[in-house]
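Numbering (numbering that gives the first Met the number 0), first residue to last: 0 to 212.
Don't be surprised by glycine CBs; every beta carbon is placed ideally from N, CA and C.
Please read these numbers as outputs of a predicted model, since none were measured by experiment.
Worksheet for the structure shown next.
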Amino acid sequence: MDTSDVIAIWAASGAAAISIAGVVVGAITIASARKSAREALQSARVSADEAKRSADQAEEAKRIMLDQRHDELRPKEAMDMTFSVRGNPRDGTTNLWGQFTTTRDYRVRAEAHTGNSRSQLSVDLLLRAGACDVMIEMWPEGRERSNTKFVVLKFWPPEDVDETEHWNCRCGRGVHYGDGTGPGHWEVRVPVDYQELIDGPELIRQIRNRPRR
Ligand SMILES: [Zn+2]
């Protein structure tokens, strides 16, 4: 082995050492790059989760606000319907009437429900704020108790074509009257159990006259 051989061996082993070091450094670099990529991904996931959470919270807050507004616009006063039997001077008939009030203008549809059947009652399509009288059923001579079990009042905000102040509810429920047969934007169900008061002696006579079984 001459000097040049020794130099060659040294050079070769040096190169090998350098290249092993290179592999080691490379491996460390890859490992640390992987680690920081993993951390970056994790922190990206965390901030995406946070962004989603705050978007969800904003959506939830908006939902609550719109639902509160929906409840504020509900015609609650209509629940306090009062009933009376009155003669109609125009046609001489006697009818059961319901009276209710609203504090703003609505589109409205009223229905009387009797057991399995229902009938549409006559009210203005655009109901003006204030008191409304609605004829619920005929009241022939001798009737003591109403046939109607409950009245359903369906309400919607006014439509663009209605001549009134326009307002709307943006809660997402349907705001168009359509043909009126679909669900109302708000619905009020008022139980009806109207009875004519019969004076004492007459009531006793009726009970006595009832055939015995
Ligand atoms: Zn609404």
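Applying the 10 Å Cβ sphere with the 16-neighbour rule, what's the burial state of residue i?
{"i": "W213", "result": "Any answer about residue 213 is impossible in this case: the structure gives the chain only from 0 up to 212."}
{"i": "A50", "result": "exposed"}
{"i": "E136", "result": "buried"}
{"i": "S145", "result": "buried"}
{"i": "A77", "result": "buried"}
{"i": "P88", "result": "exposed"}
Would the beta-carbon of residue i fall within 8 Å of that of residue j?
{"i": "T102", "j": "A60", "result": "no"}
{"i": "L152", "j": "A109", "result": "yes"}
{"i": "V174", "j": "P74", "result": "no"}
{"i": "Q98", "j": "T113", "result": "no"}
{"i": "A130", "j": "L120", "result": "no"}
{"i": "F154", "j": "G183", "result": "yes"}
{"i": "V133", "j": "W185", "result": "no"}
{"i": "C170", "j": "R68", "result": "yes"}
With residue i and residue j assumed to form a contact (beta carbons below 8 Å), what rounded beta-carbon distance in angstroms separates them?
{"i": "D104", "j": "L126", "result": "7 Å"}
{"i": "V84", "j": "T93", "result": "6 Å"}
Can you look up residue i in the DSSP assignment and give me helix, strand or coil?
{"i": "H69", "result": "helix"}
{"i": "R52", "result": "helix"}
{"i": "T147", "result": "coil"}
{"i": "R169", "result": "coil"}
{"i": "A36", "result": "helix"}
{"i": "M134", "result": "strand"}
{"i": "A109", "result": "strand"}
{"i": "T93", "result": "strand"}
{"i": "Q194", "result": "strand"}
{"i": "T213", "result": "As displayed, the chain neither begins before 0 nor continues past 212, which places residue 213 out of reach and without an answer."}
{"i": "V45", "result": "helix"}
{"i": "S118", "result": "strand"}
{"i": "R213", "result": "No information on residue 213 is available, as it lies outside the stretch 0 to 212 that the chain covers here."}
{"i": "T28", "result": "helix"}
{"i": "R62", "result": "helix"}
Does the beta carbon of residue i fall short of 7 Å from some heavy atom of ligand 2?
{"i": "C131", "result": "In terms of ligand content, the structure shown lacks ligand 2 and carries ligand 1 instead."}
So is residue i in contact with chain D if we call contact Cβ pairs under 8 Å?
{"i": "D66", "result": "Among the chains in the structure shown there is no chain D, since it carries only a single protein chain."}
The stretch 49–58 / the stretch 158–178 touching (three or more Cβ pairs under 8 Å): In short, these stretches do not touch, since the Cβ pair count stays below three.
Counting beta carbon pairs with one atom in the stretch 186–194 and one in the stretch 133–149, are three or more of them shorter than 8 Å? A contact between stretches requires three or more CB pairs, one per stretch, nearer than 8 Å, and the stretch 133–149 meets this requirement with the stretch 186–194.
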